[in-house]
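Notes follow the structure.
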Amino acid sequence: MQNAIHQPQSILVLGGASDIGRAIVRALDSPTLRRVILACRNPDDVETTGLSDHAEVVAVAFDATEHAAHESFVQSMAATYGDLDIVVQAFGRLGADDGDDPEAAARLAEVNYVGAVSSGLAVARQLRAQGHGTLVVLSSVAGVRTRPSNFVYGSTKAAQDAFATGLGHWLHGSGAHVLTVRPGYVRSSMSAGVPEAPFAVDPADVAAATVKGLRRGSDVVWVPGILRWVFGILRFVPGPIWRRLDR
Amino acid sequence: MKSEQRELSGWGNTSPSVASIVDVSASELGRPGSLAELGPLRRGAIVRGLGRSYGDPAQNAGGTVLRLTGDDASMVLDSDAGTLTVDAGVSLDTILRDIVPRGWFVPVTPGTRFVTVGGCIASDVHGKGHHADRSFGSHVVAMTMLLADGTIRRITPDADGDLWWATIGGMGLTGIIVDATFRLIPIETGHFLVDTERVPNLDTLLERMEDGDRQYRYSVAWIDLVATGSSLGRSVLSLGNHATLGELQSYEPKAALDPLAFDPPVLPGVPVGMPNVLNRAAVRAFNEFWYRKTRREHHGIESITAFFHPLDMVGHWNRLYGRAGFLQYQFVVPFEAVDTLRAIVGKISAEGHASFLAVLKRLGAESGGLLSFPKPGWTLTLDLPAGVDGLGRLLRELDELVIAAGGRHYLAKDAFCPPEVIRAGYPRLDEWKAIRQRVDPDGLWVSDQARRLELI
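Have a look at this one:
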């Protein structure tokens, strides 16, 4: 259960190696926090220290593309560790965006979108049953308007974002909530090697905005906040200009 | 019985959760086989009265919440014994409207009449008279309970000591209180003879309260926690006794014509969707007004509502805190830990978290309830808007000071503490857990608070 100022007792991070997911755990750390579950492909390789001064941190195996296993995975986490107060959907791949590689593009969609759907619905079922809890979905502004240079990635995030916001509406009144987080460029291990974009932020900034969103009961947060207005305009920029902006 | 899925929160409007809500009456629950009629209780059940506890003790996420309604006709006043037997779902408001005109008063009333008898026992509530009269549980002589095995039992403190003292202050986690018999106080009038005075600072207040408690049955102080410097802890102290008929005649001859009249008005409530208007500036202005409006010293007659339940005149005043809600932080520290009290008052003033209506009170002896809050010492109650930055850090510091001084926190108010803080404050928690394990081995009775504080 969360307390009155939205400090959770338990956090499940799907994609437990993610810099942003881990930053969110750090930002939510308090003496109230009891359990942190880092779910990732290689649990043996993930660092469990330094995330919380108070909670027990465990790493468990989870594969975003094993869609059929997601339901039983979430159920077993709840059975073992108790109610899930906050679940962070942090897994995802940037992928080498190559319009000439249909197979790689499909793999990207498999993780970023299909995995988000199957795990998101599995989490939703558990949160509804327990009558409380929030799913935090790490979306991206890349999905708000897809750029030629990473439109495959962008399209997967657009789909994931649409799923997440729709899921939030569907869950309304069930006690379960969805917070969709739309960061711009984040300086993280995932984006290493990608040239920095304007309004770049650090994982800690995304985490701080997420915590604020949780506290306010927001449906969507943009990081930094100004991107909401920037993309409000960019969404309607004519195609020729949009293509030039991406160079 | 009909059920509906709905979101519930406590009076502070924080940490809501969704449960299946079933309205039940004491007479329905008191019938044999009533528990089986409710069907399978997935994720357990908890009973809820009028929802006036501030945090999450009367909600049960994903499970069942039994909203206990009260039958006014169930009240039986035994004027020879001076006791009242009543359904647990009946409110103090209903009771007072019935018994005051007949010359009786409840032994204990908290700051609102809109609480049920079951809630008063489960939270073992206290009021302005705690130093003299102790808590509500001290005045209960018998209860009927519905237990987890489906049996219905009449229990008394002598015959069922363990279950009794686990239930007084037990937050509804030992079973459902169906009805209760408790002692009343005879009164000559429905009025109080009250001394109100302005006190310029904390040290003077502490002295005045210690003196006052010897002469007055009821006492409480409101402290301005926005004031700093030499005004730190400036307060309005209110001390009173039940007015005798003679006193009422000499002070308010008109009221003395019908000395036991009791028909308090309920004014229109605060609407839904109100933003938080109790920001720092507003609280500062209110506190200034409240302090200034009080004459330096005043001696006179006050009604039950003005003296005990002033906030009941505004329906849903909790909505003034807006969407984020508020939390009420109440702790007690032993009398000898007065330095801790001073440090806490200083800290809150310095931090500038505007607390509307901070209340200081001296508590008397424990009731014997294993999880009852009151014990001898100073109790301070703060209302704090939940949405402000840095609140977690401040409350954490207060928690540590309270526990280090040998104090504890009130479960009916708590919406914040981690389990260790509660465990440290309630040394008999393990004893309570053992009794609960015996009367509810499968964990049927469960609340969000019980999960959060690991009470079960």
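If you read the sequences in order, they're chains W and U.
Take 1 as the starting number for the first sequence in the working numbering and just add one per residue.
Take 248 as the starting number for the second sequence in the working numbering and just add one per residue.
Idealized CB from N, CA, C, for every residue including glycine.
None of the values given here were measured: they were computed from a predicted structure.
Nearest in C-alpha terms to arginine 360 of chain U, of all of U:Val585, U:Asp661, U:Met322 and U:Pro512, is U:Pro512. Inclusion of threonine 311 of chain U and aspartate 270 of chain U in the CB contact set at 8 Å is not warranted, their separation being larger than that value.
Look at proline 31 of chain W: its C-beta is under 8 Å from a C-beta on chain U. Secondary-structure assignment with DSSP links glutamate 549 of chain U through a beta bridge to U:Phe439. About 7 Å separates the CB atoms of glutamine 7 of chain W and leucine 33 of chain W; that is less than 8 Å, so the two are in contact.
In this structure, the CA atom of serine 191 of chain W is about 11 Å from the CA atom of proline 203 of chain W.
For serine 76 of chain W, the closest Cβ of chain U is not nearer than 8 Å. Between the segment 575-585 of chain U and the segment 373-387 of chain U, the count of Cβ pairs shorter than 8 Å is below three; the stretches do not touch. DSSP, read as helix, strand or coil, puts cysteine 40 of chain W in strand. In terms of Cα proximity to isoleucine 415 of chain U, the closest of U:Leu567, U:Ala468 and U:Trp679 is U:Trp679. Proximity of histidine 132 of chain W to chain U, defined by a Cβ-Cβ separation below 8 Å, is satisfied. Among the residues of chain U, those whose CB is under 9 Å from the CB of glycine 175 of chain W are Gln252, Glu254, Pro263, Ser264, Val265, Ala266, Ala308 and Gly309, following chain order. In summary, valine 519 of chain U is exposed, with fewer than 16 beta-carbon neighbours lying within 10 Å of its beta-carbon over all protein chains present. A contact is defined here as three or more CB-CB pairs under 8 Å, and the segment 549-563 of chain U meets this definition with respect to the segment 347-364 of chain U. Interface residue (Cβ-Cβ distance to chain U less than 8 Å): alanine 27 of chain W is not classified as such. Residue pairing by DSSP puts tyrosine 465 of chain U in a beta bridge opposite U:Gly487. Glycine 366 of chain U sits away from arginine 289 of chain U, with the two beta carbons spaced by 8 Å or more. When Cβ-Cβ separations below 8 Å define contact, aspartate 53 of chain W makes no contact with chain U. Arginine 215 of chain W reaches chain U at Ala571 and Gly634, counting residues in chain order whose Cβ is nearer than 8 Å.
By the C-beta density criterion, phenylalanine 91 of chain W is buried, having at least 16 other C-beta atoms within 10 angstroms.
Contacts with chain W (Cβ-Cβ distance below 8 Å) from the segment 563-596 of chain U involve Arg570, Ala571, Gly572 and Leu574, listed in chain order.
The beta-carbon separation of glycine 408 of chain U and leucine 449 of chain U, rounded to 41 Å, does not stay under the 8 Å limit for a contact.
Our two residues, glycine 257 of chain U and valine 517 of chain U, have alpha carbons roughly 17 Å apart in a direct line. Judged by their CB atoms, leucine 135 of chain W and glycine 120 of chain W are nearer to each other than the 8 Å cut-off.
Among the residues facing chain W, glycine 637 of chain U is not included, as its CB has no counterpart in that chain under 8 Å away.
Against aspartate 83 of chain W, the close residues of chain U are Ala308, Gly309 and Arg698, in the order they occur along the chain (beta-carbon pairs closer than 9 Å). When 7 Å is used as the limit between beta carbons, phenylalanine 663 of chain U is near these residues of chain W: Asn3, Ala4 and Ile5, in chain order. Taken through DSSP and simplified to helix, strand or coil, glutamate 254 of chain U comes out as strand. Relative to isoleucine 346 of chain U, the option among U:Ala335, U:Ala328, U:His373 and U:Leu324 whose CA is nearest is U:Leu324. Taking C-beta separations shorter than 7 Å and ignoring five residues to either side along the sequence, the partners of proline 632 of chain U in its chain run Asn523, Leu525, Tyr568, Ala571 and Phe573, following chain order.
According to the DSSP assignment, glutamate 56 of chain W belongs to the beta strand (DSSP E) that extends over 56-61.
Residue contact with chain U for alanine 90 of chain W: absent (no Cβ-Cβ distance below 8 Å to any residue of chain U).
Interface flag for glycine 365 of chain U against chain W is unset, since no Cβ pair is found closer than 8 Å.
Residue burial is scored here from C-beta neighbours: phenylalanine 663 of chain U has at least 16 other C-beta atoms within 10 angstroms and is therefore classed as buried. In the three-state reduction of the DSSP assignment, threonine 356 of chain U falls in the coil class.
Counting only runs that start and end inside the segment 370-441 of chain U, the alpha helix (DSSP H) elements of at least 4 residues fall at 377-380 and 408-414.
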